[in-house]
Structure formats: structure tokens, C-alpha cells
Amino acid sequence: MLGADLLVQMLINYGVEVVFGVPGDTSVPYYEALQRRAGEIRHVLARDERSAGSMADAYARLGDKPGVFDCPSGAGALYSLPPLAEANGSAVPVILLTLDLPLKSEGRGALTELETARLFEPVTKMSVQVKAAHKLPETLRRAFRTACAGRPGAVHLQIPKDVLTAEVDPAAVSLHAEPECRTFPAYRAGAAPGAVRDWYRLLAASRQPLIVAGGGVNRSRAGAALEALATRLNVPVVCTLTGQGALPGNHPLAMGVIGDNGYHPHANRALEEADLVLFVGSRIGSVVTVDWTFPGNSLHRRAAQIDIDPGHLGNAFENRLAIAGDARTVLEQMLEGVPADLGPARHRGWVRHLEDDRARFWDQAGRVMALDGEPLRPERVIGEFNRSLQRCGRAVHLLVDPGTPTPYLSRFLRLGDVPAGFVITRAFGALGVALPAAVGAWQADPRRRPVAMFGDGSFNMAVGELETLVRLEVPALLMLFNNACFGWIKGLHRLRGHDACFGVDFLPPRGQAIAEAFGLKAWTARTPAQLAAALDEAFDTPGPCLLDIHVESMGDRLPPVFSWLRKAGEDPLALDLRDARYPRGRPAGA
Ligand SMILES: Cc1ncc(C[n+]2csc(CCOP(=O)(O)OP(=O)(O)O)c2C)c(N)n1
Ligand SMILES: [Mg+2]
0 MLGADLLVQM
10 LINYGVEVVF
20 GVPGDTSVPY
30 YEALQRRAGE
40 IRHVLARDER
50 SAGSMADAYA
60 RLGDKPGVFD
70 CPSGAGALYS
80 LPPLAEANGS
90 AVPVILLTLD
100 LPLKSEGRGA
110 LTELETARLF
120 EPVTKMSVQV
130 KAAHKLPETL
140 RRAFRTACAG
150 RPGAVHLQIP
160 KDVLTAEVDP
170 AAVSLHAEPE
180 CRTFPAYRAG
190 AAPGAVRDWY
200 RLLAASRQPL
210 IVAGGGVNRS
220 RAGAALEALA
230 TRLNVPVVCT
240 LTGQGALPGN
250 HPLAMGVIGD
260 NGYHPHANRA
270 LEEADLVLFV
280 GSRIGSVVTV
290 DWTFPGNSLH
300 RRAAQIDIDP
310 GHLGNAFENR
320 LAIAGDARTV
330 LEQMLEGVPA
340 DLGPARHRGW
350 VRHLEDDRAR
360 FWDQAGRVMA
370 LDGEPLRPER
380 VIGEFNRSLQ
390 RCGRAVHLLV
400 DPGTPTPYLS
410 RFLRLGDVPA
420 GFVITRAFGA
430 LGVALPAAVG
440 AWQADPRRRP
450 VAMFGDGSFN
460 MAVGELETLV
470 RLEVPALLML
480 FNNACFGWIK
490 GLHRLRGHDA
500 CFGVDFLPPR
510 GQAIAEAFGL
520 KAWTARTPAQ
530 LAAALDEAFD
540 TPGPCLLDIH
550 VESMGDRLPP
560 VFSWLRKAGE
570 DPLALDLRDA
580 RYPRGRPAGA
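Residue 0 is where the sequence shown starts when you use numbering that gives the first Met the number 0, and the numbers rise one by one after that.
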């Protein structure tokens, strides 16, 4: 067997159904091997390695299998770094295969030579060069085990071309795959003995408990366990940006999004007021804590934490209880261990209080989302999206880039009964992810419509993948937030009290024309009526389509970002919503 066939056989043995990638001079033997097994494993050709990586990342986030992508030597590897770093930082199992120069050319001035195994070391759990073809099976096993077990993460394998073309006697190596590591999390770990009892001791003494669902809840697919436990204990649940979707949108105990970006004021208030906060699968980093200034009522000795990574436990403040383990497993243990004397009717007043705050917020939000305006107000865009989504009723995957989409979607999304999965890449928050992520999302589950939301800055970084959407007939619904600028950065200039924003404006893309040139169906929306009609048509369109939505710039009005509102002298916890303006009076450059 050729090394390349061994490699593909191992991928098949691990249940890999799809690999994403971009070819190069060094990857031809691998592509030939893929071609020989085309009935068993698909290859999705991306137009940029960054996109291939974002596809693999989204595929893993929205399913239960690791994502695999490939790139060629040199430039291809360099382009693959951003998405691999994001996957690793977000605990998403992604395996990158760099099909590299042959070992025999090492150190002899070959074009594209680069020590890729070293390049990826700081952004992966494991990055190694495979030095001989007979080492491929065991290295692949280590790769899947490392990516999927413990805190999931990224793996990089540098595979020289002469390893791919070498002959191996298949009888001399074992091609077995560890069944536990075909999906993730592999080898789920439970809580240490006594931890569940300790949790109930804390809960019994609490009058205002709260659970925070972080991205780890989604990674562990612990949503059902969380829902069952929260319901059984009558404990309200808030989530972080990446924890969105942990509970169904209309769950009575789902109290919204906490933190800085796109937070709900009632959710942040709940964190201020709770006397016991159980964080599940959250790093509790800068966004959740608004750069460690929130909540004002310190979480020291108010918090308990469940995390797969013991390095996160107690990292933000002193915990009352720290449990190292897999989110779903620990929550299920808690569910099994509910003390008999713990009735379901506890904390009723607390829950009612949070429900009142939430109702007050949504009352206000309904008014704000109905406001007219040209260019369109982002709140209106999400409001129309909510309406059109619920009219359509079909399950979606929401892929959301930084800029206008992240804060406005998180704050104003109303799913109702519509099931949704989310990809909001927040380890690095790169632009240009949502559009390619639509391809990975669709590969993960073609029953769910991928809906990607991105700014025009983002769009221009990923626009080449429109061709991929059309070629593969991915029924993505793309929402381009067109404001002719890097709006988020413009807002940061404005926050410093002057109007002279430097290096942030560009020409508005002609989104509809661009999309149509690639073969997508497309609309331009400048008014609420145009937007409503285009959204309904888009939901009824079976193929890929794009809405070029002309929105107000975040440089013109403050977005729902806690730290920005605070800096502008507004009360970020106010439930009564009003338009907030940037401060004025400081000369540019001062
Ligand atoms: C790859 C990358 N480069 C730069 C940034 C910094 N950045 C964060 S938001 C933003 C502006 C985004 O502009 P756009 O996509 O048009 O969205 P808008 O803010 O205008 O809604 C930039 C440049 C980033 N997040 N990712
Ligand atoms: Mg923009």
C-alpha cells in the first residue's frame, strides 16, 4: 500500500466522511488516494486554506466528529494557521494535514520549505512531522485521540511527500481506529466522588442560584442534560456568546446572554444579583467579565465551576466549588444525585423576578426592533429576521461574524420554537469566517439551513467562497451588513470623543451584483419593506442566496456593548432601551 492510501484508509476507519482542502504541488499523491476512495469519503474543495479551516471548524462545532482539512506546503500551511488557532482556542477538534515537501529535499533550498510542525506548535495540542510511512497509522491514532479527548483541540500533521509515495506492507502495521475517538468528546470524565454532594450543599443554602452555560456546554453537547437539571432544580440559566443555543430559545428558564458584546441587561443583572453562580464550560475571560470589571458585585466566593480543563478552574476568582470533568457527564451526575428532599418549587420568587426583568426588556426590544430608518437600523434587521425565520419555521445554523452581526444578533435574536446551532468564533474573532462556515455547517447537517451574517469588511475577506457555495449547491442564506466601513473599529474611534476616524472607511461593495456574478440569487434592501420581502423570498429560495442589507454604521450610534455604553456615560444595565450617542469634545489624535 502507498503511504497516501494508508492515510486515506485511516481517515475512513475513523469514520471521516468529508475532508476540506486546497491542493498544491505536494498534495497530488494524497488527492489521487482520495480519488480512489471517492465513494467512501468526500473532498470539499475550498478556494482558500483559511476557508477550508473554517469549514472544518464549523463542521466539528455543529456535529460530533472532528473536522479534517488539508493544505499544501509553504503558503498553504501559512494560510491554514488562523482557523487552526481558532479551533484550538475554542476547544474544537480539527486536524490539519499539511501535505509537505519530501524529506529528501530538507535543508537544500527547496521552494516553500518551512518547518510547519514547529509553526503550528503554539496553536495546537499536537503538531508533529510524520517521518516514515509505517508511522502513519499510529500517528493518526494519536492525532484523533489528542483532538477528541480531554479538552478538544487542534492537531497538525506535517506529512512529507515521500512518506505519501512510500510503499508499506499493510500486514506489518495495524490499521485499527479507536472507536471512542471517532467522535468527541472522547473518554468523557465525570466528577470526583463527593463533588455532586458538595454542589447540593451549596444549592441548599442558596436563595438566588444561577447557571452560566459557556461554549463548553455546546462542545460537550450537554444542552439536554442542562435543560433537565435546570428544570428539575428550577434554577435560571444565562449563557455566554458561545454558549448560545445551549437551551432552546423559548425555554422559560433561559434568561439571555451575559458579558460585554450583545449582552442582555436582564441577564447581566441576574449575574450581579445571584448568590451562587455555577459556570459550566466557560473560560470566564475578558468578554464574559468585561475585562474583569463585571459583575461589580464580585464573584469571589459566589461561584462554582465545572470545566474539562482544570487550568480554567478558579482562574478568574476564588470558587466555592470546582469540578474537573466533562460538562454533560457532570450535569447528568448532578441530575442523578438530586437529594430526595429538594422540591421542584424552590427559588420561585427569584425566577419570577428575572422573568419580570426579561419581559420588560423584550417589551422595549419589540418597540426598538420595529423602528424605521434608512440606512436600516441593525435592530430592525434582526427583528425582520426573527419574523421571517419563524414564518419559515425550519431549523437553522447561525454563523455569525464580528462587527455589527455579533452584538445585534445576540441581543435581539428571538428563535421561538425554531431549533438553531451557532458558530461564533470567539477565540480570535476573525473576520471572514461565517461565509465559509456555511459550507461546513451544511456538511454537518444538510437538514438545517445555514444562515451566515457578516459585515462588508468580512465579506471582502471571504468573497471567493461564493463560488464554493454555488458549485456545491449549498443552500446558504447570506446576510451582508453593508455599511462601507470597518464599523466596529470606527465605533472605537468615536468612543474616544472625536469624529475624525482614520483608516476605517472603504467603498460599499455592490453585494447583489457580486453575488449574482457568482451565480447566487440576490437582493438589495435599503428599506424595511424591501428587507422584509427579500428575507421571505430568501427563506423560500432553495439555493444559495445573498441579501445586501444597507445598515447604519456602528460609528453612528452605540451598539449594545456593555463597556462602550459605560464609557459613553450610559447605564449598561438599564432595561429601558434608548439610542445612545458617542461622546464628543476631544480632538482627533489627542
Ligand atoms: C482578520 C481580522 N482582521 C481584523 C480584525 C479586527 N476587526 C474587528 S471588527 C472589525 C470591523 C469589521 O468590519 P465589518 O466586517 O465591515 O463589520 P462592521 O463592524 O462594519 O459591521 C475589524 C477590522 C478582525 N477581527 N479579524
Ligand atoms: Mg462594515
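All C-beta atoms in this analysis are idealised placements derived from N, C-alpha and C, irrespective of residue type, glycine included.
Around the beta carbon of Y186, fewer than 16 other beta carbons lie within 10 angstroms, which makes this residue exposed. In this structure, the CA atom of A109 is about 17 Å from the CA atom of A116. If the five residues before and after P338 are omitted, its C-beta is found closer than 6 Å to the C-beta atoms of Y199, all from its own chain and listed in chain order.
Contact between the stretch 401-421 and the stretch 272-279 is absent: fewer than three C-beta pairs spanning the two stretches fall below 8 Å.
For F68, the enclosing beta strand (DSSP E) stretches over residues 66-71.
If you keep only unbroken beta strand (DSSP E) runs of at least 3 residues inside the stretch 516-543, you get 520-524. In the structure shown, Q128 falls within a strand segment according to DSSP collapsed to helix, strand and coil. Annotation: the continuous alpha helix (DSSP H) that includes P435 extends over 433-443. Taking each of V17, T239, R220 in turn and checking the Cα distance to A443, the smallest one comes out for V17. Residue nearest to N249 within the set I257, L174, N260, P235 is P235 (criterion: CA-CA distance).
When the beta-carbon positions are compared, V122 and I158 stay at least 8 Å from each other.
Here S126 is buried: its Cβ has 16 or more other Cβ atoms, across all protein chains shown, within 10 Å.
Distances from the alpha-carbon of R141 to those of R181, A344, L102 put R181 closest.
Leaving aside the five residues that flank R41 on each side, the residues in its chain whose CB is nearer than 6 Å to its CB run, in chain order, V17. With a contact defined as Cβ atoms closer than 8 Å, I423 and V462 miss out at about 21 Å.
The C-beta of T403 has 16 or more other C-beta atoms within 10 Å across all chains shown, which makes the residue buried.
Cα atoms of G510 and G365: separation of roughly 29 Å, rounded to the nearest angstrom. For E472, the CB contacts under 7 Å within the same chain, skipping 5 residues up- and downstream, are G542 in chain order. Between ligand 1 and the CB of A429, the shortest heavy atom gap is smaller than 7 Å. Taking 8 Å as the upper bound for CB-CB distance, N481 and V550 are in contact here, some 7 Å apart.
In the structure shown, R410 adopts helical secondary structure according to DSSP, grouped into three states.
Rounded to whole angstroms, the gap between the alpha carbons of P101 and A221 is 44 Å.
Distances from the alpha-carbon of T145 to those of K124, P136, A132, L163 put K124 closest. With a threshold of 7 Å, the Cβ atom of D504 does not count as near ligand 1, since no heavy atom of the ligand is closer than that. Taking every protein chain shown into account, the CB of G454 has 16 or more other CB atoms within 10 angstroms, so this residue is buried.
When the beta-carbon positions are compared, N318 and Q332 stay at least 8 Å from each other.
Taking C-beta atoms under 8 Å as the contact rule, D539 and W522 fail to qualify, at a distance of about 12 Å. Non-local C-beta neighbours of L270 in its own chain, meaning closer than 7 Å and more than five positions away in sequence, comprise L209, V237, I257, V276, P294, ordered along the chain. Between G280 and R359, the alpha-carbon positions lie close to 29 Å from each other. Across the structure, A45 and G14 are spaced so that their CA atoms are roughly 21 Å apart. Using a Cβ-Cβ distance cut-off of 8 Å, the stretch 50-58 and the stretch 66-86 are in contact, since at least three pairs of beta carbons, one from each stretch, lie closer than that value. Counting only the Cα atoms, R107 lies some 41 Å from A437.
By the C-beta density criterion, E464 is buried, having at least 16 other C-beta atoms within 10 angstroms. Spatial neighbours of E31 in its own chain (CB-CB distance under 8 Å, excluding positions within 5 residues in sequence) are listed in chain order as A3. In the three-state DSSP reduction, F119 falls in the coil class, being neither helix nor strand. Ligand 1 has no heavy atom closer than 7 Å to the beta-carbon of S409.
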